[in-house]
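Student: Protein chains in written order, with the numbering used here: chain D, 16 to 676; chain H, 14 to 317.
Even for Gly, the Cβ is constructed at its ideal location relative to N, Cα and C.
Keep in mind that this is a model prediction, so the values were computed, not measured.
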């Protein structure tokens with residue numbers, strides 16, 4: 016082993032034994048650094064982490080016994096200890112000998128506590144690496160000295176840079192296997208510099224190491240006298256952490272929870288994302304823009320005992336005096352802020368420095384990392400969670416995806432698992448944000464599938480699109496009310512949904528005839544007819560079906576603006592898409608009509624012969640056969656075509672509609 | 014100008030943030046309270062997170078009836094001090110069959126704890142349960158998410174975990190699913206001890222060394238907490254000697270081995286912990302079942 020005598024670990028150990036109070040005092044004041052290690056299976060990543068844990072005494076005797084036994088059984092290092100076995104956690108991973116998930120490990124040195132995210136390196140685990148990188152202050156990029164800068168090195172560096180990691184360490188590992196040759200090291204550093212510059216990495220720190228032998232991990236190695244830079248641990252102990260950087264920015268705190276124990280106290284709880292705040296500071300609540308001053312920063316002290324109210328003449332002022340608090344709080348702290356005035360504020364709002372508040376917008380350019388097996392559905396509504404804000408959002412067709420190995424931009428229609436792309440994103444209401452490069456909390460978001468509730472993507476807002484502000488609504492003199500008033504009716508959309516052959520078009524047609532006879536102004540948008548014109552460029556993939564519905568929804572909306580009663584007859588199999596149209600229209604104007612016909616009955620009818628084609632495989636993505644139909648849970652109107660005729664169904668619908676209108 | 018937070022301050026803020034997210038986004042959260050040192054930290058964090066309101070959820074103790082007497086005492090006191098409702102659950106089947114650690118081995122944990130926990134969560138319909146598990150405790154925990162989803166039958170699928178990025182948590186559940194939430198995932202044993210010390214948080218006196226009646230069983234040292242009951246299940250009266258002992262971890266008294274020690278203050282305990290090279294859970298028998306994958310298998314079956 017090449018650890019030198021000045022090893023800080025042994026100094027620490029002596030301190031624990033001799034003066035535990037001094038040690039605890041030191042430990043108490045340590046800062047924390049989170050970092051990730053990136054590299055492929057063969058780069059010795061797990062070995063390096065195992066080494067860090069081992070050298071900092073984070074492996075206990077019984078674990079070591081198990082490790083020694085395991086090393087002999089399944090290890091890859093012969094009779095020597097295989098440190099990799101310490102960190103490859105799940106049973107399946109141990110069997111396969113690869114790391115497939117992010118594992119978190121902990122160790123301490125004299126100055127810092129460290130959390131290491133051990134991330135898998137293969138391309139199919141891009142999402143795991145992005146996950147690990149999202150909380151990291153620093154990344155250690157491992158290179159096998161025998162192999163130099165590889166495709167995977169570029170990929171890992173790109174991902175770290177993308178996620179905004181400012182401190183990069185290029186650890187040229189396995190130096191023992193190239194005889195600690197300086198020329199090898201210098202060549203690798205030169206190659207890497209060129210690449211780093213090309214993708215905008217401003218700086219990095221390179222060091223020659225051996226995770227297996229312990230060179231330049233703790234203490235400087237006698238094997239590399241030509242290297243005068245810091246050793247790995249020394250470097251990890253001294254770099255700036257993100258929270259320190261965040262503290263220098265303007266104050267922002269997303270509100271998590273409104274704390275209201277009684278009539279006298281109303282506080283807004285959250286984790287400070289950036290900057291600092293003092294009692295008396297002028298603050299602004301966003302998106303409302305209302306201002307107030309900070310009356311109290313409530314933080315429990317000691318035993319966190321609740322304030323004891325005595326006497327009956329309690330007031331807000333008196334109660335606030337009973338609540339313990341602090342004068343100033345900084346980025347990274349969880350606090351509860353009270354205002355001097357009654358200002359509306361709730362979960363999802365952001366409290367910011369009054370003079371330099373963040374903006375709100377509803378259209379953005381974003382960089383998206385797709386994390387799910389089901390690809391992005393362009394135009395479909397997903398939940399978007401950013402800070403504590405949760406809104407509905409749709410993603411446009413990506414402008415391009417990035418080939419993570421070559422950094423080339425590739426034209427794509429969607430984003431598949433592990434793909435990274437740039438796309439516009441539109442939210443259903445404005446969100447308070449800052450570009451990700453300025454503020455991770457107000458710029459980083461996740462997308463959640465509304466059906467499965469899975470986290471399907473991670474994204475970073477690059478900037479807001481001014482278009483939403485520039486395309487103003489033209490104020491029209493003849494309002495939608497005036498249009499409708501002249502026709503003496505209330506506009507509405509009767510949205511017929513059901514399987515192919517359920518009878519949507521037939522019934523919608525009958526409904527229109529009845530309304531027409533009653534002097535109502537109507538229009539019927541039929542699925543087949545629309546596909547001959549407006550939507551003839553669309554096919555039947557899931558993405559195209561969503562776009563089909565979106566366009567029909569927009570057209571129906573324009574027609575209601577003109578005062579019409581619109582009927583649409585589309586299979587519209589997905590709840591999310593129907594809800595999208597519902598959200599476009601004023602409350603009460605979207606009337607979902609579920610034409611409820613069992614698959615067996617519809618298939619039996621097979622008016623257009625489509626089921627037959629689908630069953631034979633000649634027609635793909637056919638609803639009910641090889642594509643799902645999500646029946647409405649609570650339609651405004653449901654007609655059961657096995658229990659009534661089309662004529663009867665039409666009567667029910669007209670009665671309900673006119674009864675409502 | 015502004016100061017850099019210490020690691021404990023950051024860990025505390027992170028845990029509080031997680032607890033508030035759960036309260037904001039779930040319907041019926043509960044704090045799993047086992048009266049151990051990790052539970053003590055969890056309870057303190059909950060009180061800080063919602064101050065000056067009491068934590069807006071109850072404490073749940075899934076009891077095995079085999080806890081140390083001192084644990085029951087502290088449990089009741091802490092519930093009272095925090096102003097929280099205390100719910101105690103005993104698996105009726107385990108009670109009826111007289112399941113105990115001596116005769117039933119792994120079945121004891123399975124019935125009282127794993128099954129008991131599932132039953133308790135179902136009984137009150139909790140959709141999110143806070144637990145004090147830490148990633149440094151055990152290998153499979155190292156990869157578990159902070160928001161860990163369980164199926165309707167409380168199973169854990171390690172291959173199908175939701176990605177967790179930044180500090181954004183997705184708390185949306187599918188029908189029948191519930192969440193186990195681990196706010197102190199990133200703490201180490203040393204952090205726990207130091208946090209207890211800095212905040213002067215009461216813990217069960219058994220953590221501190223004192224002269225106590227002990228007996229040896231299957232090569233480990235145990236405390237004779239309830240001698241008549243011990244005698245009944247062992248079928249004999251164990252030989253009892255008085256020794257200065259303490260516990261590194263507290264489970265059921267026959268499942269938790271004691272260590273001989275004279276550490277009677279927190280700094281002394283920390284000192285001893287740091288200088289002995291034996292990892293914390295070694296005192297617990299549970300991890301050794303089913304080879305190296307013991308805990309992983311237990312978790313898939315619904316153990317916390």
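Starting from residue 51/H, find everything on chain D with Cβ-Cβ shorter than 7 Å and list it in chain order.
Tutor: Those do not exist, as residue 51/H stays about 15 Å from chain D at its closest Cβ, beyond 7 Å.
Student: Need the endpoints of the beta strand (DSSP E) that residue 255/H sits in, please.
Tutor: Element bounds for residue 255/H: 254-259.
Student: For residue 37/D, go through chain H and note every residue whose CB falls closer than 7 Å to its CB, in chain order.
Tutor: Residues of chain H passing the Cβ test: none, with the nearest at roughly 10 Å.
Student: Just confirm the distance between the C-beta atoms of residue 102/H and residue 76/H, as a whole number of angstroms; I'd bet it's less than 8 Å.
Tutor: That pair is a contact at about 7 Å.
Student: For residue 63/H, name the three-state secondary structure that DSSP assigns.
Tutor: DSSP places residue 63/H in helix when its eight states are reduced to three.
Student: Roughly how many angstroms lie between the CA atoms of residue 138/H and residue 121/H, to the nearest whole one?
Tutor: Taking the straight line joining both Cα atoms gives about 24 Å.
Student: Quick one: is residue 90/H near chain D, going by C-beta distance under 8 Å?
Tutor: With 8 Å as the cut-off, residue 90/H does not count as an interface residue toward chain D.
Student: For residue 304/H, count neighbouring Cβ atoms within 10 angstroms of its own Cβ and tell me buried if that reaches 16, exposed if not.
Tutor: Only weak support exists for where residue 304/H lies, its pLDDT of 38 falling under 50; the value from the coordinates is given anyway. Classification for residue 304/H: exposed.
Student: Note down, in chain order, every chain H residue with its Cβ under 7 Å from the Cβ of residue 139/D.
Tutor: By Cβ distance, chain H contributes nothing, its closest Cβ being about 13 Å from residue 139/D, past 7 Å.
Student: Report all residues from its chain with a CB closer than 7 Å to the CB of residue 426/D; omit the five preceding and five following residues, and keep chain order.
Tutor: Cβ within range, chain order: 415.
Student: Any C-beta of chain H within less than 8 Å: which residues of the region 457-482 of chain D qualify?
Tutor: So the close ones are 459, 460, 461, 463, 467, 468, 469, 470 and 473.
Student: Are the C-beta of residue 145/H and some C-beta of chain D separated by less than 8 Å?
Tutor: Closer than 8 Å: no.
Student: Taking the Cβ atom as the reference point for each residue, do residue 238/H and residue 82/H lie within a distance shorter than 8 Å?
Tutor: Result yes, Cβ atoms of residue 238/H and residue 82/H sit closer than 8 Å.
Student: Please confirm if residue 319/D has its CB atom under 8 Å from at least one CB of chain H.
Tutor: Yes, residue 319/D lies at the interface with chain H (some Cβ there is under 8 Å from its Cβ).
Student: Does residue 271/D have its Cβ less than 8 Å from a Cβ in chain H?
Tutor: Taking Cβ atoms only, chain H reaches closer than 8 Å to residue 271/D, which makes this a yes.
Student: In whole angstroms, give me the CA-to-CA distance for residue 159/H and residue 640/D.
Tutor: Spanning the two alpha carbons is a distance of roughly 39 Å.
Student: Quick one: Cα of residue 498/D to Cα of residue 507/D, how far?
Tutor: Cα to Cα, residue 498/D sits roughly 13 Å from residue 507/D.
Student: Under a three-way DSSP split, which group does residue 52/D fall into?
Tutor: Strand.
Student: Three-state secondary structure (DSSP) at residue 306/H?
Tutor: In this predicted model, residue 306/H has a pLDDT of only 46, less than 50, meaning its place in the structure is not dependable; the value taken from the coordinates is given anyway. Correct three-state label for residue 306/H: helix.
Student: Assuming residue 44/H and residue 56/H form a contact by the criterion Cβ under 8 Å, report the distance between their Cβ atoms to the nearest whole angstrom.
Tutor: Yes, they are in contact, since the Cβ atoms of residue 44/H and residue 56/H sit about 7 Å apart, within 8 Å.
Student: Any idea if residue 175/H is buried or exposed, counting beta-carbon neighbours within 10 angstroms, 16 or more meaning buried?
Tutor: By the 10 Å Cβ count, residue 175/H comes out buried.
Student: Would you please verify whether the beta carbon of residue 631/D is less than 8 Å from any beta carbon of chain H?
Tutor: Not one chain H Cβ lies under 8 Å of residue 631/D.
Student: Just to confirm the assignment: which complete alpha helix (DSSP H) runs, minimum length 4, are found wholly within the region 195-221 of chain D?
Tutor: Here the runs fully enclosed are 197-213.
Student: Look at residue 329/D and residue 279/D and say whether their C-beta atoms are less than 8 Å apart.
Tutor: Contact: yes.
Student: With contact counted as at least three CB pairs below 8 Å, one residue from each stretch, are the region 162-169 of chain D and the region 200-210 of chain D in contact?
Tutor: Result yes; three or more Cβ-Cβ pairs closer than 8 Å.
Student: With 8 Å set as the bound, which would you pick, yes or no: does the beta-carbon of residue 258/D sit closer than that to a beta-carbon of chain H?
Tutor: Residue 258/D counts as touching chain H.
Student: Tell me where the beta strand (DSSP E) around residue 443/D begins and ends.
Tutor: From DSSP, the beta strand (DSSP E) with residue 443/D extends over 435-448.
Student: Can you find a CB in chain H that lies within less than 8 Å of the CB of residue 400/D?
Tutor: Yes, contact with chain H.
Student: Mind checking residue 212/H: buried by the 16 CB within 10 Å criterion, or exposed?
Tutor: The residue is buried, with at least 16 neighbouring Cβ atoms inside 10 Å.
Student: Reducing DSSP to helix, strand and coil, say where residue 34/D ends up.
Tutor: Coil at residue 34/D, not helix or strand.
Student: Whose CA, out of 578/D, 543/D and 561/D, lies closest to the CA of residue 501/D?
Tutor: Of the candidates 578/D, 543/D and 561/D, the one whose C-alpha sits nearest the C-alpha of residue 501/D is 578/D.
Student: Going along the chain, which residues of the region 601-631 of chain D sit with their C-beta nearer than 8 Å to a C-beta in chain H?
Tutor: Within the region 601-631 of chain D, no residue has a Cβ that lies closer than 8 Å to any Cβ of chain H.
Student: Is residue 381/D close to chain H, meaning its C-beta is less than 8 Å from at least one C-beta of that chain?
Tutor: Taking Cβ atoms only, chain H never reaches closer than 8 Å to residue 381/D, which makes this a no.
Student: Mapping DSSP to helix, strand and coil, what is residue 113/D?
Tutor: At residue 113/D, the pLDDT of 48 sits below 50, so the modelled position is not reliable; the number obtained from the coordinates is stated separately. Here residue 113/D sits in coil by DSSP.
Student: Got a sec? Which residues, its chain only, sit under 6 Å from residue 99/H by beta carbon, not counting five neighbours each side?
Tutor: If we look at residue 99/H and ignore the five residues flanking it on each side, its Cβ neighbours are 72 and 92.
Student: Is the distance from the Cβ of residue 222/D to the Cβ of residue 259/D below 8 Å?
Tutor: It is not a contact, given that the beta carbons lie outside the stated cut-off.
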